[in-house]
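These notes are about the structure you will find just below.
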Amino acid sequence: EQRIKLSWVDRTLGKGTLRFDYEFAYRNGGPYNYDPYAPFYSTALPGFVTPPLGNVAFTTDAMRKYDLSNRIEHKLHATLIYPIGDTATISTIVYATRDDYGAAIGRQATRNLGFDGSWDWQPSPMTSMSANLGRDDSSLNFSTGGDDENITGAPGRDDPSLGGPRFLLANQWQSLDHERDYNAGLTLRHDFGRVRADFNYTYTYALGKIGYVFASPAALPITQQPFVDDIGNAFPDNHYHINTLQLGFDIAISRTLGMRVFDTFETGSFADWHFLGLQDNLVIDHRIYTDLGPQPHYSANLVGVMLNVKL
Numbered sequence: 055e056q057r058i059k060l061s062w063v064d065r066t067l068g069k070g071t072l073r074f075d076y077e078f079a080y081r082n083g084g085p086y087n088y089d090p091y092a093p094f095y096s097t098a099l100p101g102f103v104t105p106p107l108g109n110v111a112f113t114t115d116a117m118r119k120y121d122l123s124n125r126i127e128h129k130l131h132a133t134l135i136y137p138i139g140d141t142a143t144i145s146t147i148v149y150a151t152r153d154d155y156g157a158a159i160g161r162q163a164t165r166n167l168g169f170d171g172s173w174d175w176q177p178s179p180m181t182s183m184s185a186n187l188g189r190d191d192s193s194l195n196f197s198t199g200g201d202d203e204n205i206t207g208a209p210g211r212d213d214p215s216l217g218g219p220r221f222l223l224a225n226q227w228q229s230l231d232h233e234r235d236y237n238a239g240l241t242l243r244h245d246f247g248r249v250r251a252d253f254n255y256t257y258t259y260a261l262g263k264i265g266y267v268f269a270s271p272a273a274l275p276i277t278q279q280p281f282v283d284d285i286g287n288a289f290p291d292n293h294y295h296i297n298t299l300q301l302g303f304d305i306a307i308s309r310t311l312g313m314r315v316f317d318t319f320e321t322g323s324f325a326d327w328h329f330l331g332l333q334d335n336l337v338i339d340h341r342i343y344t345d346l347g348p349q350p351h352y353s354a355n356l357v358g359v360m361l362n363v364k365l
């Protein structure tokens with residue numbers, strides 16, 4: 055793996071400081087073994103006789119595993135820190151990452167883009183306050199394809215090439231996974247002397263989108279092929295909302311003994327397509343499902359007391 059990183063720091067923006075980083079990484083290696091499983095099958099046993107039509111190809115030679123295959127990576131990172139007066143600071147971070155794996159079958163590419171902004175204020179050594187807001191977008195392109203089960207007893211079944219008689223291009227499909235996350239938070243702290251109080255609020259929202267394309271109806275399971283006109287090109291979106299509030303007090307009883315008392319309250323709501331309609335009928339065919347999945351809404355409260363001892 056080879057990496058090169060360039061950094062630039064600018065302190066000419068008044069009181070602010072701007073830092074910009076770019077990194078390029080290239081990973082490669084020796085010949086890729088797309089089928090490392092052969093030693094664990096009966097075809098590797100002494101005395102095994104190869105059938106006249108050859109052994110059935112286990113997987114296609116176009117398959118690549120993302121943790122081993124070649125990869126080209128680009129990273130960008132920019133940070134701006136700007137003080138406001140003598141008691142406050144604004145910080146902003148913007149980042150982006152792009153990975154390309156050059157794979158026809160397997161993980162093809164990932165993308166990540168986001169920013170985070172924060173405001174920190176400390177009017178006195180006893181009091182501080184901070185707030186943050188951020189967003190993160192990520193995506194994953196993944197491609198795979200089913201093999202032709204009807205060729206197991208015909209010529210060409212030992213051909214591992216993509217587009218050959220066993221691994222038809224018509225059976226190929228691609229998944230497009232995209233996630234968008236928002237987060238916000240607020241923190242207050244004050245030191246009363248023997249008692250320090252803190253208050254925290256965080257909000258998280260995640261939006262998940264899964265799209266797909268397929269070369270032909272043959273890429274779908276046999277049971278789904280009659281419904282190709284109704285399948286579309288994406289699943290319904292997933293939505294997750296979480297709100298968390300925490301109030302805590304750190305109490306100094308002596309130089310070696312302390313106690314923290316806190317209360318955490320959280321609410322959440324979920325809309326997950328994996329469980330759409332399941333609550334209406336838990337009996338499907340000969341199976342009974344006992345898991346309803348995540349509840350659409352929930353709330354929870356936790357009260358805690360912790361004892362701190364310094365030895």
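Going left to right, the sequence shown walks through residues 55 to 365 as my numbering numbers them. Even for Gly, the Cβ is constructed at its ideal location relative to N, Cα and C.
Do residue 118 and residue 154 have their C-beta atoms within less than 8 Å of each other? The residue you call residue 118 lines up with position 64 of the sequence shown. The residue you call residue 154 lines up with position 100 of the sequence shown. No.
For a quick check, are the C-beta atoms of residue 221 and residue 201 less than 8 Å apart? Here residue 221 refers to the residue found at position 167 when the sequence shown is read from its first residue. Here residue 201 refers to the residue found at position 147 when the sequence shown is read from its first residue. Inclusion of residue 221 and residue 201 in the CB contact set at 8 Å is warranted, their separation being smaller than that value.
For residue 131 and residue 105, the rounded distance between their alpha carbons: Position 51 of the sequence shown, counting from 1, holds the residue named residue 105. Position 77 of the sequence shown, counting from 1, holds the residue named residue 131. Cα to Cα, residue 105 sits roughly 57 Å from residue 131.
What is the rounded straight-line gap between the Cα of residue 230 and the Cα of residue 249? Position 176 of the sequence shown, counting from 1, holds the residue named residue 230. Position 195 of the sequence shown, counting from 1, holds the residue named residue 249. Near 51 Å, if we compare the C-alpha coordinates of residue 249 and residue 230.
Among 365, 102, 161 and 358, which residue has its Cα nearest to the Cα of residue 123? Counted from its first residue, the sequence shown places residue 123 at position 69. For residue 123, the nearest C-alpha among the options comes from 161.
Under the assumption that residue 227 contacts residue 266 (Cβ atoms under 8 Å), give the Cβ distance between them as a whole number of angstroms. Taking the first residue of the sequence shown as position 1, residue 227 is located at position 173. Taking the first residue of the sequence shown as position 1, residue 266 is located at position 212. That belief holds up - the Cβ atoms of residue 227 and residue 266 are roughly 6 Å apart, short of 8 Å.
For residue 276, three-class secondary structure by DSSP: Indexing the sequence shown from 1 puts residue 276 at position 222. Three-state DSSP puts residue 276 in coil, outside helix and strand.
Counting beta carbon pairs with one atom in the segment 300-317 and one in the segment 345-359, are three or more of them shorter than 8 Å? Result yes; three or more Cβ-Cβ pairs closer than 8 Å.
With DSSP as the reference, label residue 332 as helix, strand or coil. The residue labelled residue 332 in the question sits at position 278 within the sequence shown. Note: residue 332 maps to helix in three-state DSSP.
Look up residue 94 in the DSSP assignment and say whether it is helix, strand or coil. Indexing the sequence shown from 1 puts residue 94 at position 40. The answer is helix: DSSP assigns residue 94 an H, G or I state.
Just to confirm the assignment, what range does the beta strand (DSSP E) spanning residue 138 have? What you label residue 138 is simply residue 84 of the sequence shown in a count that begins at 1. Taken as a continuous stretch (DSSP letters only), the beta strand (DSSP E) holding residue 138 covers 125-138.
Find out if the Cβ-Cβ distance for the pair residue 158, residue 116 is shorter than 8 Å. Translated into the one-based positions of the sequence shown, residue 158 becomes position 104. Translated into the one-based positions of the sequence shown, residue 116 becomes position 62. When the beta-carbon positions are compared, residue 158 and residue 116 come within less than 8 Å of each other.
Which full runs of the beta strand (DSSP E) of 3+ residues lie inside the segment 193-269, going along the chain? Positions of the beta strand (DSSP E) runs, each at least 3 residues long and wholly inside the segment 193-269, are given as 226-245 and 249-268 in order along the chain.
Whole angstroms are fine: how far does the CA of residue 353 sit from the CA of residue 93? Counting from 1 along the sequence shown, the entry for residue 93 is found at position 39. Counting from 1 along the sequence shown, the entry for residue 353 is found at position 299. Those two C-alpha atoms are separated by around 52 Å.
Whole angstroms are fine: how far does the CA of residue 81 sit from the CA of residue 25? One cannot answer for residue 25 here, as it falls past the ends of the chain, which runs 55 to 365.
Which ranges does the beta strand (DSSP E) cover as unbroken runs of at least 3 residues, wholly within the segment 290-344, from first to last along the chain? Complete beta strand (DSSP E) runs here, min 3: 292-306 and 311-325.
Whose C-beta lies closer than 6 Å to the C-beta of residue 173 among residues of the same chain, with five residues either side of it excluded? For the purposes of this step, residue 173 is identified with residue 119 of the sequence shown, where counting begins at 1. Shown here for residue 173: same chain residues with a beta carbon closer than 6 Å to its own, the five before and five after excluded, namely 144 and 185 in chain order.
Go through its chain and collect everything with a Cβ distance to residue 133's Cβ below 6 Å, but skip five positions before and after it. Working through the sequence shown from its first residue, we reach residue 133 at position 79. So the list reads 73 and 147, once near-sequence residues are dropped.
Assess, as a yes-or-no matter, whether the segment 258-275 is touched by the segment 212-220 under the definition of 3 or more beta carbon pairs within less than 8 Å. The segment 212-220, when compared against the segment 258-275, does not touch it at the 8 Å Cβ threshold.
How do the segment 233-247 and the segment 267-286 stand: do at least 3 beta-carbon pairs fall below 8 Å, yes or no? Contact fails: fewer than three Cβ-Cβ distances are below 8 Å.
When the Cα of residue 109 is compared with those of 339, 209, 180 and 295, which residue comes out closest? Locating residue 109 in the sequence shown gives position 55, where the first residue counts as 1. Nearest of 339, 209, 180 and 295 to residue 109, Cα basis: 209.
Using the Cβ count rule (16 or more neighbours within 10 Å means buried), how would you classify residue 114? Numbered from its first residue, the sequence shown carries residue 114 at position 60. With 16 or more other Cβ atoms within 10 Å, it is buried.
Which term fits residue 246, buried or exposed, when burial requires 16 or more other beta carbons within 10 angstroms of its beta carbon? To locate residue 246, count along the sequence shown from 1; it is residue 192. Residue 246 comes out exposed.
Whole-angstrom distance between residue 298 and residue 305, CA atom to CA atom: Numbered from its first residue, the sequence shown carries residue 305 at position 251. Numbered from its first residue, the sequence shown carries residue 298 at position 244. Whole-angstrom Cα-Cα distance: 23 Å.
Classify residue 281 as helix, strand or coil using the three-state DSSP reduction. Start at 1 with the first residue of the sequence shown, and residue 281 comes out as number 227. Annotated three-state conformation of residue 281 is helix, per DSSP.
Between which two residues does the beta strand (DSSP E) harbouring residue 360 extend? The residue labelled residue 360 in the question sits at position 306 within the sequence shown. Per DSSP, residue 360 belongs to the beta strand (DSSP E) from 351-363.
Residue 103 versus residue 112: straight-line alpha-carbon distance, rounded: Your numbering for residue 103 matches position 49 in the sequence shown. Your numbering for residue 112 matches position 58 in the sequence shown. The alpha-carbon atoms of residue 103 and residue 112 are separated by roughly 17 Å.
Any idea which residues DSSP pairs residue 165 with across the strands? Counted from its first residue, the sequence shown places residue 165 at position 111. Partner(s): 152 and 193.
Closest to residue 129 by C-alpha separation, out of 77, 205 and 55, would be which residue? Here residue 129 refers to the residue found at position 75 when the sequence shown is read from its first residue. With distances taken between Cα atoms, residue 129 lies closest to 77.
Excluding the five sequence neighbours on either side, which residues of its own chain have a C-beta within less than 6 Å of the C-beta of residue 61, listed in chain order? Translated into positions along the sequence shown, residue 61 becomes position 7. Around residue 61: 75.
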